[in-house]
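One structure below.
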Amino acid sequence: MADAAEEAKQKEALNGQLKEYIAEWRKTREKEEEELKKLKEKQAKRKEIRAEQEKKLNQAKKEEEEKLKQEENEKKAKEAEEKKKKLEEAEAARKEMLDAQKAGAGAEKKKSVAGGAGNDARKEMSKTKEQLEEEKKIALSIRLKPLELDAMDSDELKAKANEIFNII
5 MADAAEEAKQ KEALNGQLKE YIAEWRKTRE KEEEELKKLK EKQAKRKEIR
55 AEQEKKLNQA KKEEEEKLKQ EENEKKAKEA EEKKKKLEEA EAARKEMLDA
105 QKAGAGAEKK KSVAGGAGND ARKEMSKTKE QLEEEKKIAL SIRLKPLELD
155 AMDSDELKAK ANEIFNII
(Lines of atoms letter the chains of each structure in order from A; the text may use other names.)
(Lines give C-alpha, C1' and ligand atoms only; values in the text may rest on other atoms or scores of the structure.)
Protein backbone atom coordinates (compact mmCIF):
# COMPACT_ATOMS: atom_id res chain seq x y z
CA MET A 5 0.00 0.00 0.00
CA ALA A 6 2.89 2.23 0.54
CA ASP A 7 3.57 2.08 -3.15
CA ALA A 8 0.03 3.03 -3.94
CA ALA A 9 0.17 5.99 -1.57
CA GLU A 10 3.47 7.07 -3.06
CA GLU A 11 2.11 6.74 -6.56
CA ALA A 12 -0.92 8.80 -5.59
CA LYS A 13 1.34 11.48 -4.11
CA GLN A 14 3.47 11.50 -7.26
CA LYS A 15 0.39 11.71 -9.46
CA GLU A 16 -0.94 14.51 -7.30
CA ALA A 17 2.40 16.31 -7.49
CA LEU A 18 2.47 15.84 -11.29
CA ASN A 19 -1.13 17.04 -11.54
CA GLY A 20 -0.20 20.10 -9.49
CA GLN A 21 2.80 20.78 -11.72
CA LEU A 22 0.71 20.32 -14.83
CA LYS A 23 -1.93 22.67 -13.48
CA GLU A 24 0.80 25.25 -12.77
CA TYR A 25 2.26 24.83 -16.25
CA ILE A 26 -1.20 25.13 -17.81
CA ALA A 27 -1.93 28.25 -15.73
CA GLU A 28 1.43 29.79 -16.73
CA TRP A 29 0.85 28.86 -20.38
CA ARG A 30 -2.61 30.49 -20.28
CA LYS A 31 -1.15 33.65 -18.72
CA THR A 32 1.58 33.87 -21.36
CA ARG A 33 -0.97 33.11 -24.07
CA GLU A 34 -3.22 35.96 -22.81
CA LYS A 35 -0.25 38.33 -22.72
CA GLU A 36 0.71 37.36 -26.27
CA GLU A 37 -2.88 37.83 -27.45
CA GLU A 38 -2.99 41.26 -25.81
CA GLU A 39 0.31 42.22 -27.45
CA LEU A 40 -1.00 40.97 -30.78
CA LYS A 41 -4.17 43.04 -30.32
CA LYS A 42 -2.11 46.13 -29.51
CA LEU A 43 0.09 45.57 -32.54
CA LYS A 44 -2.94 45.17 -34.80
CA GLU A 45 -4.47 48.35 -33.40
CA LYS A 46 -1.18 50.17 -33.96
CA GLN A 47 -1.05 48.85 -37.50
CA ALA A 48 -4.61 50.00 -38.17
CA LYS A 49 -3.83 53.47 -36.79
CA ARG A 50 -0.72 53.70 -38.97
CA LYS A 51 -2.76 52.63 -41.97
CA GLU A 52 -5.35 55.35 -41.27
CA ILE A 53 -2.63 57.96 -40.82
CA ARG A 54 -0.97 56.91 -44.10
CA ALA A 55 -4.32 57.10 -45.90
CA GLU A 56 -4.93 60.61 -44.54
CA GLN A 57 -1.42 61.72 -45.50
CA GLU A 58 -1.84 60.28 -48.98
CA LYS A 59 -5.20 62.02 -49.31
CA LYS A 60 -3.66 65.36 -48.28
CA LEU A 61 -0.75 64.82 -50.67
CA ASN A 62 -3.10 64.04 -53.56
CA GLN A 63 -5.17 67.14 -52.74
CA ALA A 64 -2.02 69.27 -52.70
CA LYS A 65 -0.95 67.79 -56.06
CA LYS A 66 -4.38 68.53 -57.55
CA GLU A 67 -4.27 72.11 -56.31
CA GLU A 68 -0.76 72.56 -57.72
CA GLU A 69 -1.79 71.11 -61.09
CA GLU A 70 -4.87 73.36 -61.21
CA LYS A 71 -2.72 76.36 -60.35
CA LEU A 72 -0.24 75.50 -63.10
CA LYS A 73 -3.05 74.98 -65.62
CA GLN A 74 -4.60 78.31 -64.67
CA GLU A 75 -1.25 80.09 -65.01
CA GLU A 76 -0.67 78.39 -68.36
CA ASN A 77 -4.13 79.38 -69.61
CA GLU A 78 -3.57 82.97 -68.48
CA LYS A 79 -0.21 82.99 -70.24
CA LYS A 80 -1.76 81.62 -73.44
CA ALA A 81 -4.55 84.18 -73.28
CA LYS A 82 -2.01 86.98 -72.79
CA GLU A 83 0.08 85.71 -75.72
CA ALA A 84 -3.00 85.46 -77.91
CA GLU A 85 -3.97 89.02 -77.01
CA GLU A 86 -0.47 90.24 -77.82
CA LYS A 87 -0.51 88.41 -81.17
CA LYS A 88 -3.90 89.86 -81.95
CA LYS A 89 -2.64 93.37 -81.19
CA LYS A 90 0.45 92.83 -83.37
CA LEU A 91 -1.68 91.54 -86.21
CA GLU A 92 -4.08 94.44 -85.88
CA GLU A 93 -1.14 96.83 -86.02
CA ALA A 94 0.29 94.98 -89.02
CA GLU A 95 -3.11 95.08 -90.69
CA ALA A 96 -3.37 98.81 -90.03
CA ALA A 97 0.12 99.33 -91.46
CA ARG A 98 -0.79 97.23 -94.50
CA LYS A 99 -3.93 99.28 -95.06
CA GLU A 100 -1.94 102.50 -94.72
CA MET A 101 0.55 101.20 -97.26
CA LEU A 102 -2.23 100.23 -99.65
CA ASP A 103 -3.85 103.62 -99.25
CA ALA A 104 -0.52 105.31 -99.85
CA GLN A 105 0.09 103.17 -102.95
CA LYS A 106 -3.35 104.00 -104.26
CA ALA A 107 -2.59 107.69 -103.71
CA GLY A 108 0.55 107.34 -105.85
CA ALA A 109 3.14 107.97 -103.17
CA GLY A 110 4.11 104.33 -102.74
CA ALA A 111 7.60 104.34 -104.28
CA GLU A 112 9.49 105.54 -101.19
CA LYS A 113 7.42 103.52 -98.75
CA LYS A 114 8.05 100.33 -100.74
CA LYS A 115 11.78 100.67 -100.23
CA SER A 116 11.51 101.20 -96.49
CA VAL A 117 9.03 98.37 -96.08
CA ALA A 118 11.05 95.97 -98.22
CA GLY A 119 13.82 95.76 -95.60
CA GLY A 120 11.25 95.03 -92.90
CA ALA A 121 9.58 92.38 -95.04
CA GLY A 122 12.83 90.38 -95.15
CA ASN A 123 12.97 90.29 -91.37
CA ASP A 124 9.29 89.35 -91.20
CA ALA A 125 9.91 86.49 -93.64
CA ARG A 126 12.72 85.16 -91.44
CA LYS A 127 10.48 85.37 -88.39
CA GLU A 128 7.69 83.56 -90.25
CA MET A 129 10.07 80.73 -91.23
CA SER A 130 11.07 80.09 -87.62
CA LYS A 131 7.47 79.72 -86.42
CA THR A 132 5.74 76.38 -85.98
CA LYS A 133 2.74 75.33 -88.02
CA GLU A 134 0.48 75.77 -85.02
CA GLN A 135 1.67 79.34 -84.49
CA LEU A 136 1.17 80.16 -88.16
CA GLU A 137 -2.34 78.64 -88.14
CA GLU A 138 -3.26 80.59 -85.03
CA GLU A 139 -1.99 83.87 -86.52
CA LYS A 140 -3.82 83.12 -89.73
CA LYS A 141 -7.10 82.58 -87.86
CA ILE A 142 -6.66 85.81 -85.91
CA ALA A 143 -5.79 87.77 -89.05
CA LEU A 144 -8.81 86.41 -90.88
CA SER A 145 -11.06 87.18 -87.93
CA ILE A 146 -9.82 90.78 -88.05
CA ARG A 147 -10.09 91.16 -91.83
CA LEU A 148 -13.31 89.29 -92.43
CA LYS A 149 -16.22 90.44 -90.37
CA PRO A 150 -19.04 87.87 -90.18
CA LEU A 151 -22.16 88.79 -92.15
CA GLU A 152 -25.52 88.82 -90.45
CA LEU A 153 -27.54 87.26 -93.25
CA ASP A 154 -30.69 86.89 -91.19
CA ALA A 155 -30.93 90.64 -90.69
CA MET A 156 -30.59 91.43 -94.44
CA ASP A 157 -33.41 91.37 -96.97
CA SER A 158 -32.95 90.18 -100.55
CA ASP A 159 -31.90 93.59 -101.96
CA GLU A 160 -29.24 94.03 -99.29
CA LEU A 161 -27.97 90.48 -99.92
CA LYS A 162 -27.67 91.16 -103.67
CA ALA A 163 -25.85 94.43 -103.02
CA LYS A 164 -23.43 92.71 -100.61
CA ALA A 165 -22.81 89.87 -103.08
CA ASN A 166 -22.02 92.37 -105.84
CA GLU A 167 -19.72 94.29 -103.48
CA ILE A 168 -17.80 91.15 -102.54
CA PHE A 169 -17.63 90.08 -106.20
CA ASN A 170 -16.18 93.45 -107.18
CA ILE A 171 -13.58 93.25 -104.42
CA ILE A 172 -12.50 89.82 -105.63
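My numbering puts the first residue of the sequence shown at 5, with every later residue one more than the last. Each residue gets a CB set at the ideal place from its N, CA and C atoms; glycine is no exception.
(request) Compare the beta carbon distance of I146 and E93 with 8 angstroms and say whether it is the shorter of the two. (result) No, they are not a contact pair.
(request) State the DSSP-derived secondary structure class of A155, mapped to helix, strand or coil. (result) If DSSP states are grouped into helix, strand and coil, A155 belongs with coil.
(request) Output the boundary residues of the alpha helix (DSSP H) element that contains I172. (result) Segment: none, I172 is in no alpha helix (DSSP H) and carries neither H nor E.
(request) Put S130 into one of helix, strand or coil per three-state DSSP. (result) Note: S130 maps to coil in three-state DSSP.
(message) Our contact map puts L61 next to E139 with C-beta atoms below 8 angstroms; I'd like the distance itself, whole angstroms only.
(response) Actually they are not in contact, since the Cβ atoms of L61 and E139 sit about 42 angstroms apart, beyond 8 angstroms.
(message) Here's the rule I'm using: 16 or more other beta-carbon atoms within 10 Å means buried, otherwise exposed. How should I53 be labelled?
(response) It counts as exposed.
(message) Rounded to whole angstroms, what is the Cα-Cα separation between L18 and E37?
(response) Distance from the CA of L18 to the CA of E37, rounded to the nearest whole angstrom, comes to 28 angstroms.
(request) Tell me whether the beta-carbon of L151 lies closer than 8 angstroms to the beta-carbon of K164. (result) Contact: yes.
(request) Taking 8 angstroms as the cut-off, decide whether the C-beta atoms of L153 and L161 are in contact. (result) Going by C-beta atoms, L153 is nearer than 8 angstroms to L161.
(request) Could you tell me the distance, in whole angstroms, from the CA atom of K23 to the CA atom of A8? (result) When rounded, the distance between both Cα atoms is 22 angstroms.
(message) Could you compute how far the alpha carbon of E58 sits from the alpha carbon of K46?
(response) Rounded to the nearest whole angstrom, the CA to CA distance from E58 to K46 is 18 angstroms.
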